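Q:
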Amino acid sequence: MAAIENDGSGLNSPLAITILLPTLILLSLRLFSADFILAPQVALHLDGASRMLAGQKPYLDFWDWSQPALLALYSVPQLVAGLMPDFLSTGDWTKLILFVLTLGSLILSLLIVRRLECFSTVALALGCANLSVCSQLGSVQHLLMLALTPWILMRWATGERLNLSISLTLPLQLLITVLAAYACVLDLPHLAVLLWCECFFFLRYGLVKQMVQQLLILALALVGIWGITLMDTSIWQSYWQWAIPLRLAKYTYYDAALKGTTFPDHANFLYLFALVQLAAFYLSDAKNRSATNLSGVFAALALAGLTLFIAEGEGLSCDLVIVVYATVFLLSLLVVGLLRHYKLMSSKPVSLATLSIVSIALPLCIFSVTAKPAVPVNLTVNQHMDQTILKLSSDGDQIGIFAEYPDVAYPRLERLYRKSSGYLLWARPLRMLCDFQQGKSLNEDLFSFQTYFMEKITEDFVSRKASLILIEEPKQSELLAFNGLDRVLRKNYVPAGQCKVFAEPYGLTNFSVWRRK
Amino acid sequence: MTGESTAKSSSKSIFASHNWSLCTGILIVLMALFCKLPYWFAHPLLIHADQSVYLAMADMFLQGKKPYVDFFDFNPPLIIYLSTIPIALSKMVPLTPIQIFNLTINFLMLISTALSGALFYANRNSTDRFLYFPLLLAPIICTQTQFYDFGQREHLFVLLYFPFFVCRLLRYRSGQIQPILSVLVGIFAAVGVSLKPQFLLTAMLLEATLMWQWRTLKLANSLENKICALLTVLYLAHFAFLGQAALDILLQQAWPIYTTGLSYFHIGFIEGLASLSNFSYPYYLLALALSLAFACKGKSPWLEPAVALTIISWLSLLQAGSIWTYRGIPMQLGCWILIALATGIGIEFLFTHKPKIQVSLLSIFLCLPLVGAVGICLCAFPLYKDAGAKQFDLAQIGYRGKSPLNDLSPLVPSIIANSKIDDKVIYLGRGVRPGYPSILQAHRNSGSRYLHGMILPMLLVCIEKNPTRYTPMLDKVIANYGDDILANKPKLIFIDDSFVAPLFAQHQFVQKYMTNYELVERVEQAQCTLYRSK
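Going down the list, the protein sequences come from chains G and C. Here the first sequence stands for residues 54 to 570, numbered as in my numbering. Here the second sequence stands for residues 1254 to 1787, numbered as in my numbering.
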């Protein structure tokens, strides 16, 4: 697979950016189509960011796993939308900003490889990788990939500097490093992914002075950003006392309630993943060191992603973004490499023609494979929940949803012009802590957190801020009863029927609906 | 190893001249081989469901009963034949068949390691020599980290196939292989790949990748391949001699039901991850091993076949789609081989490029067995401590000694309380557990041709797909159970409350076949009811 050193097209000038056009057109088509909805996690982060902008403090006034750095990032579209309220909605601004971020990541990455013969191949691979995860655009792992790709390419280019004679300007290096540091602060395990890739580089290149310098700058930036985003003493305390212990406890938690009805079926994707790994290992030419190293680091990245997906143990699509992104990147490299191997890119005109066809065919394939999953029965069910909310509440009302997964509430509430209400943005910690309590593994920190959020939920019910409360049956309902919160609920709310909804990864779940007295 | 540099040749003399480094390597391997042996002596009744049911079938086979006709199973019969070895030995040695079985697997590990070691020793001057000791440790670590799946067919495959894998690699690397070793590894591999069809497929795919990697077909004709192919063909041919009745059951019942109804045991990937901690372990190992392989790419031609073995086995595991973690053992072996290769490459790098640190490095190697021994003792401590907890007196089942009570399956106390040694017992359930290993642990015999009830839920799945074909089969199976009760007059019958009881009630099973039985108790832990003959 000699595609990295020279794909034979001669497209190593900025004109080669045209190779990205089909991908970008398809990405825009998907992203800006009327029925494209933001991933639930993105809508949830937006909600958290809007609460933070309203003066609430994460972990204290509302609960989500997210780091403050992530919420700070998501306050940008809120602020822009606030400045130009008549122009676009917050959701549309978010899409636009995420699209610009994707373009930015592509440009940064391509700036690194701009002088290499492999420019067009890498451009195609990056475009396809981004297209493949567009349904999770803006999710925390996608943001990591946007920032980590230029970093990985920079590290690779630095390691290969003798072979590829690449010179990177200092501002470019600094920008890429700070972005990578910020991406690592977005979620705790991201640091592990970065370290995984760094171990790969160390084993391939050893201790290269310039690479060590880059790492030191990254470490400084990391500490700086982390410190700034957690500067508030109360947030700092609750972060260490509650967020970190709960997050760590999550990695040793086996959730017997998970049924494995993952959507889409990740097991099928794993076949492709395995085959791509095998092909990447066999087809990369050991003599072509730079090509081997580039495909190697993305293979290792995909494996780090798999580890993370397994550690998270929830089977959510947003946890699989790293794996999909890195696998599609590798697949694209393999396709071009194979075409070259079979002499389909022997001369410049043939090579140009072949690459043009691939640059259209490959994104089209990915676009069709990653088309929105058609599950009409579930969509009908979801409409039923929408109608229930519309019927029993008015525009701008606050709705409290106790669901295991955020898919139920987000981005539904924004789409229906409602707001979320209550301390828990999504209610999984409620069950986790109860399970820990019953398993007698509830330590002092987690016990204090449980006590605190029970008080907050009671406060939410008593204040009657939410006009409607939807509770997942039977799990969340039983948990509220277990903690004695059902009495408070009954005092302030009356039952108003049932509705069903489709939520990942459980499939169909029932909800009881409660209306304010 | 690629690249025959002068640095390497100088390091070769340094490395080769130190016999004590060889001794250290051997010491580490021996430590790894025998570290868990006391554990198996402390747990004479520790066995898990599948392994125990094959021991029971092997016992029936030695009594002259015919596979599939006198006792039913879905799998090819080789595992039953192999299980006759510990059963036959247990007739000669005053130890429980379970303990003999566990020790036999340990012995197999020893033989497998010795075979691989002999192959490596013949090539001790090769440029690949740094890889040899770590590679020897791969199947040993894979074995010593098994708990529930110790002695499963996949585990046997791993132990039987590994010397063949080594031999094939050495063959392609133009290594020296004595004909006697070729014959032995060929025989071992033939037994391994014949255990299950997917093992044969794995071996064939791996051979194809070797041919592709070295771009030659000539070496396919090697002695070990011929022996392996010949014995595999002979095994396949032996099916013709099983008898028409056995073949009818195998081809017209067992395999159709297995292929159509296995989906009953399928679970989602996430459900597997969420249900079992040991479901995720092979995947963490996989991520680590493959990442190391990519990091070491180009440093050894052994990496490609090891990656192929790992990923082919992974695909096989994905295809199985069940919660049976033993399906992942071949993948685990692939991972350990990759980790071993990365270690070997690292050792070679240190020896060839950092000669100054050799003394300290060798000192570390000398310390390794000591550290390893302490580590293993610490890790194993809870297990030994467990052995010191509540004990079960083996005299109750006709043997001498004691066993930790925790090793016993939940039906054992009821079986012992209500029957005598060698009495017949039936468990009517939807799986192997808890009927087995309970019946074997209690030193009783099966009272039915169906030693496990997996056929029942699988038939229900088949009926959903093709009721015309499979409904009569279900009726026949239930009638067979009844006939076995009438013919064998088992002392005890356990009936699973949640699945079998309602299903059999539709066929008025108790009224038809169990009029001579009285209800004794409900075994809460196993959710079944016990009946005893009046």
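A virtual CB, placed ideally from N, CA and C, is assigned to each residue, including glycine. Only a predicted model underlies this, so the values are computations on that prediction, with no experimental measurement involved.
With H, G and I counted as helix, E and B as strand and the rest as coil, what does DSSP make of Phe1752 (chain C)?
A: Sequence index remark: in the second sequence, residue 1752 (chain C) carries index 499 (1-based). In this structure, DSSP gives Phe1752 (chain C) a state outside helix and strand, which the three-state scheme calls coil.
Q: Would you tell me roughly how many angstroms separate the C-alpha atoms of Trp1577 (chain C) and Leu1745 (chain C), rounded to the nearest one?
A: Translated into the one-based positions of the second sequence, residue 1577 (chain C) becomes position 324. Translated into the one-based positions of the second sequence, residue 1745 (chain C) becomes position 492. Between Trp1577 (chain C) and Leu1745 (chain C), the C-alpha separation is close to 29 Å.
Q: Give the DSSP bridge partners of Ala519 (chain G), in chain order.
A: Within the first sequence, the letter at position 466 stands for residue 519 (chain G). According to DSSP, which records beta bridges pairwise, Ala519 (chain G) is partnered with G:Gln451.
Q: Please give me, in chain order, every unbroken run of the alpha helix (DSSP H) with length at least 4 that falls completely inside the segment 150-203 of chain G.
A: DSSP runs (the alpha helix (DSSP H)) wholly in the segment 150-203 of chain G: 172-185.
Q: Taking all protein chains shown into account, decide if Gln451 (chain G) is buried (16 or more other Cβ within 10 angstroms of its Cβ) or exposed.
A: Numbered from its first residue, the first sequence carries residue 451 (chain G) at position 398. Buried, by the Cβ-count rule.
Q: Identify every run of the alpha helix (DSSP H) within the segment 1701-1782 of chain C, keeping only runs that are complete inside it and at least 4 residues long; order them along the chain.
A: 1708-1718, 1720-1741, 1753-1758 and 1762-1766
Q: For Gln551 (chain G), report the span of its beta strand (DSSP E) as first-last.
A: Position 498 of the first sequence, counted from the start, is the residue given in the question as residue 551 (chain G). Unbroken beta strand (DSSP E) run through Gln551 (chain G): Tyr546 to Ala556.
Q: Anything in chain G within Cβ reach of Val1560 (chain C), meaning under 9 Å, just list it in chain order.
A: Counted from its first residue, the second sequence places residue 1560 (chain C) at position 307. What Val1560 (chain C) touches in chain G: Gln330, Leu331, Phe334 and Tyr335.
Q: Which residues in chain C sit within 9 Å of Phe382 (chain G), going by Cβ to Cβ distance?
A: Residue numbering aside, residue 382 (chain G) sits at position 329 when the first sequence is read from its first letter. Simply none; closest approach about 14 Å.
Q: Please list the partners that Trp1567 (chain C) has in chain G, where partner means a Cβ-to-Cβ separation under 8 Å.
A: Indexing the second sequence from 1 puts residue 1567 (chain C) at position 314. Ala327, listed in chain order.
Q: Could you tell me how far apart the beta carbons of Ala333 (chain G) and Ser348 (chain G) are, in whole angstroms, since I believe they sit closer than 8 Å?
A: Taking the first residue of the first sequence as position 1, residue 333 (chain G) is located at position 280. Taking the first residue of the first sequence as position 1, residue 348 (chain G) is located at position 295. With 8 Å as the limit, Ala333 (chain G) and Ser348 (chain G) qualify as a contact, their Cβ atoms being about 5 Å apart.
Q: Could you pull out every residue in the same chain whose Cβ sits closer than 6 Å to the Cβ of Phe420 (chain G), ignoring the five residues on either side in sequence?
A: Position 367 of the first sequence holds residue 420 (chain G). Result list for Phe420 (chain G): Leu79, in chain order.
Q: Measuring straight from C-alpha to C-alpha, what distance separates Asp1737 (chain C) and Thr1485 (chain C)?
A: As a working note, residue 1737 (chain C) is residue 484 in the second sequence. As a working note, residue 1485 (chain C) is residue 232 in the second sequence. Near 35 Å, if we compare the C-alpha coordinates of Thr1485 (chain C) and Asp1737 (chain C).
Q: Counting only the same chain and skipping the five closest in sequence on each side, list residues whose C-beta sits under 7 Å from that of Ile413 (chain G).
A: Here residue 413 (chain G) is taken as the residue at index 360 of the first sequence, counted from 1. Pro75.
Q: Let's test the definition: count the other Cβ atoms within 10 Å of the Cβ of Cys1588 (chain C) and tell me whether it reaches 16, buried, or not, exposed.
A: Taking the first residue of the second sequence as position 1, residue 1588 (chain C) is located at position 335. Residue burial is scored here from C-beta neighbours: Cys1588 (chain C) has at least 16 other C-beta atoms within 10 angstroms and is therefore classed as buried.
Q: Using CA coordinates, which residue listed in G:Ile270, G:Leu383 and G:Leu164 is at the minimum distance from Cys181 (chain G)?
A: By 1-based counting over the first sequence, the position of residue 181 (chain G) is 128. Of the residues G:Ile270, G:Leu383 and G:Leu164, the one whose Cα lies closest to the Cα of Cys181 (chain G) is G:Leu383.
Q: Name the chain G residues that come within less than 8 Å of Ile1592 (chain C), Cβ to Cβ?
A: For the purposes of this step, residue 1592 (chain C) is taken as the residue at position 339 of the second sequence. What Ile1592 (chain C) touches in chain G: nothing, since even the nearest Cβ is about 13 Å away.
Q: Return no unless some Cβ of chain G is closer than 9 Å to the Cβ of Phe1547 (chain C).
A: Looking up residue 1547 (chain C) in the second sequence gives position 294. Closer than 9 Å: yes.
Q: Would you kindly work out how many angstroms separate the C-alpha atoms of Ser516 (chain G) and Trp289 (chain G), rounded to a whole number?
A: The residue labelled residue 516 (chain G) in the question sits at position 463 within the first sequence. The residue labelled residue 289 (chain G) in the question sits at position 236 within the first sequence. Roughly 28 Å separates the two Cα atoms.
Q: Helix, strand or coil: how does DSSP classify Gln1644 (chain C) here?
A: On the second sequence, residue 1644 (chain C) is found 391 positions in, with the first residue counted as 1. DSSP places Gln1644 (chain C) in strand when its eight states are reduced to three.
Q: May I ask you to report which of helix, strand or coil DSSP gives Thr562 (chain G)?
A: Reading the first sequence from its first residue, position 509 is the one you call residue 562 (chain G). DSSP places Thr562 (chain G) in strand when its eight states are reduced to three.
Q: Where Glu170 (chain G) and Val461 (chain G) are concerned, what is the direct C-alpha to C-alpha distance, given to the nearest angstrom?
A: Locating residue 170 (chain G) in the first sequence gives position 117, where the first residue counts as 1. Locating residue 461 (chain G) in the first sequence gives position 408, where the first residue counts as 1. For Glu170 (chain G) and Val461 (chain G), the distance between alpha carbons rounds to 47 Å.
Q: Could you please give me the residues that DSSP links to Lys526 (chain G) through a beta bridge?
A: Translated into the one-based positions of the first sequence, residue 526 (chain G) becomes position 473. It is worth fixing the name first, because residue 526 (chain G) is Glu in this sequence and not Lys. Among the bridge pairs identified by DSSP, Glu526 (chain G) is matched with G:Asn563.
Q: Please say whether Ala1548 (chain C) and Ala1593 (chain C) have beta carbons closer to each other than 9 Å?
A: The residue labelled residue 1593 (chain C) in the question sits at position 340 within the second sequence. The residue labelled residue 1548 (chain C) in the question sits at position 295 within the second sequence. No. Outside cutoff.
Q: Going along the segment 173-202 of chain G in order, which residues come within less than 9 Å of chain C, judged by CB to CB distance?
A: none
Q: By a C-beta neighbour count over all protein chains shown, 10 Å radius and 16 as the cutoff for buried, is Tyr1536 (chain C) buried or exposed?
A: Mapped onto the second sequence, residue 1536 (chain C) falls at position 283. Counting Cβ neighbours within 10 Å, Tyr1536 (chain C) comes out buried, since at least 16 surround it.
Q: Between the segment 1455-1484 of chain C and chain G, which residues of the former have a C-beta closer than 7 Å to a C-beta of the latter?
A: none
Q: Can you tell which of C:Leu1772, C:Ser1656, C:Gly1651 and C:Val1282 has the C-alpha that lies nearest to the C-alpha of Arg1697 (chain C)?
A: Position 444 of the second sequence, counting from 1, holds the residue named residue 1697 (chain C). Closest option to Arg1697 (chain C), Cα to Cα, is C:Gly1651.
Q: I want to verify the contact list: residues of chain G whose CB lies under 8 Å from the CB of Glu1557 (chain C), in sequence order.
A: Taking the second sequence and counting its residues from 1, the one referred to as residue 1557 (chain C) is at position 304. Phe334 and Tyr335, listed in chain order.
Q: Just checking: is the beta-carbon of Leu343 (chain G) within a distance shorter than 9 Å of some beta-carbon in chain C?
A: By one-based count along the first sequence, residue 343 (chain G) stands at place 290. It is worth fixing the name first, because residue 343 (chain G) is Ser in this sequence and not Leu. Not one chain C Cβ lies under 9 Å of Ser343 (chain G).
Q: Per DSSP, Leu1681 (chain C) forms a beta bridge with which residues?
A: For the purposes of this step, residue 1681 (chain C) is taken as residue 428 along the second sequence, with counting starting at 1. Answer by DSSP bridge pairing, in chain order: C:Ile1748.
Q: From the beta carbon of Phe1522 (chain C), is the nearest beta carbon of chain G less than 9 Å away?
A: Mapped onto the second sequence, residue 1522 (chain C) falls at position 269. Chain G, which has a Cβ nearer than 9 Å to the Cβ of Phe1522 (chain C), makes this yes.
Q: Throw me the rounded Cβ distance for the Ser185 (chain G) and Val381 (chain G) pair, which I believe falls under 8 Å.
A: For the purposes of this step, residue 185 (chain G) is taken as the residue at position 132 of the first sequence. For the purposes of this step, residue 381 (chain G) is taken as the residue at position 328 of the first sequence. Their Cβ separation, rounded to whole angstroms, is 4 Å, which keeps Ser185 (chain G) and Val381 (chain G) in contact under 8 Å.
Q: Buried or exposed: where does Thr1396 (chain C) fall if 16 or more other Cβ atoms within 10 Å of its Cβ makes it buried?
A: Stepping through the second sequence from its first residue, residue 1396 (chain C) is reached at position 143. Thr1396 (chain C) comes out buried.
Q: At what residues does the beta strand (DSSP E) containing Ser1656 (chain C) begin and finish?
A: Here residue 1656 (chain C) corresponds to residue number 403 of the second sequence, with the count starting at 1. Note, Ser1656 (chain C): beta strand (DSSP E), Lys1655 to Pro1657.
Q: Answer yes or no: does any C-beta atom of chain G fall closer than 9 Å to that of Gly1587 (chain C)?
A: What you label residue 1587 (chain C) is simply residue 334 of the second sequence in a count that begins at 1. It does not; no Cβ of chain G falls within 9 Å.
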